[in-house]
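Single-structure report; data block below.
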Amino acid sequence: MRIGITCYPTYGGSGVVATELGIELAQRGHEVHFITYSQPFRLTGREANIRFHEVSVTNYPLFEYPPYDLALATRMAEVAQNYQLDLLHVHYAIPHSVSAHLAKEMLRSSGVHLPFITTLHGTDITLVGLDRSYLPVTKFGIEQSDGVTAISEHLAERTREAFAVTRPIHVIRNFVNCDLYQRDAEKRATLRPLYAAPQEKLLVHLSNFRPVKRVTDVIETFARIAKQIPARLMLVGDGPERSLAEFLAVRLGVFDRIHFLGKQDNVHELLPLADLMLMPSEMESFGLAALEAMACRVPAVATRVGGVPELIDSGRNGLLYEVGDVEGMAAGALSLLTDEALLETMSATARRTAQDHFCTTRIIPRYEELYRETIALSRVQG
Ligand code: GMT
Numbered sequence: 031m032r033i034g035i036t037c038y039p040t041y042g043g044s045g046v047v048a049t050e051l052g053i054e055l056a057q058r059g060h061e062v063h064f065i066t067y068s069q070p071f072r073l074t075g076r077e078a079n080i081r082f083h084e085v086s087v088t089n090y091p092l093f094e095y096p097p098y099d100l101a102l103a104t105r106m107a108e109v110a111q112n113y114q115l116d117l118l119h120v121h122y123a124i125p126h127s128v129s130a131h132l133a134k135e136m137l138r139s140s141g142v143h144l145p146f147i148t149t150l151h152g153t154d155i156t157l158v159g160l161d162r163s164y165l166p167v168t169k170f171g172i173e174q175s176d177g178v179t180a181i182s183e184h185l186a187e188r189t190r191e192a193f194a195v196t197r198p199i200h201v202i203r204n205f206v207n208c209d210l211y212q213r214d215a216e217k218r219a220t221l222r223p224l225y226a227a228p229q230e231k232l233l234v235h236l237s238n239f240r241p242v243k244r245v246t247d248v249i250e251t252f253a254r255i256a257k258q259i260p261a262r263l264m265l266v267g268d269g270p271e272r273s274l275a276e277f278l279a280v281r282l283g284v285f286d287r288i289h290f291l292g293k294q295d296n297v298h299e300l301l302p303l304a305d306l307m308l309m310p311s312e313m314e315s316f317g318l319a320a321l322e323a324m325a326c327r328v329p330a331v332a333t334r335v336g337g338v339p340e341l342i343d344s345g346r347n348g349l350l351y352e353v354g355d356v357e358g359m360a361a362g363a364l365s366l367l368t369d370e371a372l373l374e375t376m377s378a379t380a381r382r383t384a385q386d387h388f389c390t391t392r393i394i395p396r397y398e399e400l401y402r403e404t405i406a407l408s409r410v411q412g
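My numbering puts the first residue of the sequence shown at 31, with every later residue one more than the last.
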């Protein structure tokens with residue numbers, strides 16, 4: 031198949047999922063065209079079967095707000111026509127589904143059919159999409175899509191409720207490449223000493239440091255852990271809450287125990303070095319960061335929100351707490367970090383969960399199947 035993919039190409043779970051999906055599809059022999067405003071950060075640009083088409087927005091003094099959505103629709107239509115795309119798959123509803131709809135209508139007048147699928151990732155529904163100024167257009171984009179997927183049952187349900195959507199929403203959960211994301215004893219022995227001494231436990235948090243991630247709860251939890259046992263924390267990512275996190279780390283006396291690593295492209299090399307992940311988010315429609323950690327045998331201490339319970343079964347492959355319960359999260363983390371056998375069992379179960387349910391080998395065929403069905407149906411409907 032020839033598939034166009036549009037996403038936010040910079041840091042963020044939806045961009046990661048879209049890019050990894052494109053890479054996996056290309057490896058399976060499909061021709062993949064990324065139509066985005068910059069090259070997705072996990073792409074090297076040298077992958078076979080993948081092309082990148084940049085969307086550039088022309089500015090003009092009259093435009094206080096340059097019309098990105100229109101430039102995107104135009105580029106989608108051009109790429110679809112020039113490369114005879116079978117389908118467009120957009121990630122994050124706003125504005126991508128509306129631009130895709132416009133592109134589809136532009137092409138229809140020249141007799142070209144371009145079905146499109148929208149994947150909902152979370153904040154496009156739970157935060158941005160619910161804003162009154164975006165709600166009607168988000169609903170419209172979802173309804174005009176030829177296929178809709180959501181990354182968890184929770185998100186599918188929220189979408190049905192909030193937007194009164196009656197059309198089918200296919201739940202296709204986040205996935206991880208279990209060959210890339212795994213613990214390698216040799217690499218761990220070489221790299222772990224860069225971040226922690228042998229007697230120290232190593233925790234990790236990975237996010238875009240937005241308020242919804244509650245990075246300050248990561249610091250509060252870690253400070254309680256570091257009071258009891260020798261421990262260090264790797265903070266991977268960057269964003270608006272970083273200075274607040276640094277300020278709190280200084281105030282709680284743990285700044286020198288924390289590695290602020292900023293944005294990193296090689297998270298599959300960093301995650302396996304840790305013993306435990308902290309993900310105390312206010313909301314997570316799935317929690318891709320926890321899945322990536324679990325594939326590397328790193329269980330997560332997380333919050334019982336959104337789609338997280340569809341991934342973490344508390345007490346078996348991780349631990350779940352209420353939002354803001356930093357005392358509980360610290361106590362839970364300590365109970366694992368001070369019991370080698372328990373941590374080992376939970377680490378193995380976390381890896382097995384990733385392998386049995388969320389590996390690319392299980393999830394990618396579901397997207398391929400949906401693409402085939404959608405293309406076939408759109409040909410019948412003309
Ligand atoms: O979490 C973010 O702030 C980024 C956001 C995105 O859309 O880029 O992530 C969402 O999509 C991820 C991939 O599907 C999910 O794993 C995250 O749980 C989801 N984030 C939220 O729902 C807050």
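Idealized CB from N, CA, C, for every residue including glycine.
Small disclaimer: the values here were computed from a predicted structure and weren't measured.
Taking the Cβ of Tyr122 as the reference point, at least one heavy atom of the ligand GMT falls within a distance shorter than 7 Å.
Collapsing the DSSP output to three states places Tyr225 in coil.
Contact between Val201 and Glu183 holds: their C-beta atoms lie close to 5 Å from each other, under 8 Å. Judged by their CB atoms, Val234 and Ala304 are nearer to each other than the 8 Å cut-off.
Here the C-alpha atom of Ser175 lies approximately 6 Å from the C-alpha atom of Thr148. Across the structure, Ile394 and Arg162 are spaced so that their CA atoms are roughly 34 Å apart. In this structure, the ligand GMT has a non-hydrogen atom nearer than 7 Å to the beta-carbon of Ser315.
In the same chain as Val142, and ignoring 5 residues on each side of it, the C-beta atoms closer than 8 Å to its own belong to Ala110, Gln111, in chain order. Taking the CA atoms as reference points, Ala360 sits about 32 Å from Ala186. With the rule of 3 Cβ pairs closer than 8 Å, the stretch 166-174 does not count as touching the stretch 217-231. A buried status is given to Glu322, since no fewer than 16 other beta-carbon atoms sit within 10 Å of its beta-carbon. In summary, Ala253 is buried, with 16 or more beta-carbon neighbours lying within 10 Å of its beta-carbon over all protein chains present. The stretch 307-317 makes contact with the stretch 328-342, as at least three CB pairs between them are under 8 Å. Close CB contacts of Gly336 within its chain, under the 6 Å cut and outside five residues either way in sequence, are with His184, Met313, Glu314, Ser315 (chain order). Taking one beta carbon from each stretch, the stretch 131-145 and the stretch 88-108 have 3 or more pairs nearer than 8 Å; the two touch.
Residue side-chain check: Thr66 keeps its Cβ at 7 Å or more from all non-hydrogen atoms of the ligand GMT.
For Ala215, the closest of Ala78, Gly42, Glu299 by C-alpha to C-alpha distance is Glu299. Annotation for Asp247: Pro310, Val356 place their beta carbon closer than 6 Å to its own, counting only its chain and skipping 5 residues before and after.
In the DSSP assignment, His63 forms a beta bridge with Gly34, Arg81. Rounded to the nearest whole angstrom, the CA to CA distance from Cys389 to Thr49 is 15 Å. In the DSSP assignment, Thr333 falls within the unbroken beta strand (DSSP E) covering 330-333. Here Asp295 is exposed. Its C-beta has fewer than 16 other C-beta atoms within 10 Å. When DSSP states are grouped into helix, strand and coil, Phe290 belongs to the strand group.
DSSP, reduced to helix, strand and coil, places Tyr351 within a strand of the structure shown.
Per the coordinates, the alpha-carbon of Arg281 lies some 20 Å from the alpha-carbon of Lys243.
Sixteen is the threshold: since fewer than 16 other Cβ atoms of the shown chains lie within 10 Å of the Cβ of Phe93, the residue is exposed. At a cut-off of 7 Å, the beta-carbon of Val206 does not count as near the ligand GMT: no heavy atom of the ligand is closer than that. Cα atoms of Leu232 and Ala279: separation of roughly 16 Å, rounded to the nearest angstrom. By alpha-carbon distance to Gly59, the top candidate from Arg72, Val47, Ile33, Pro39 is Ile33. Under the three-state reduction of DSSP, Leu265 is assigned to strand. C-alpha of Ala78 to C-alpha of Met31: approximately 15 Å in a straight line. Counted as a single uninterrupted DSSP element, the stretch harbouring Val242 is not any alpha helix (DSSP H), since DSSP gives it neither H nor E.
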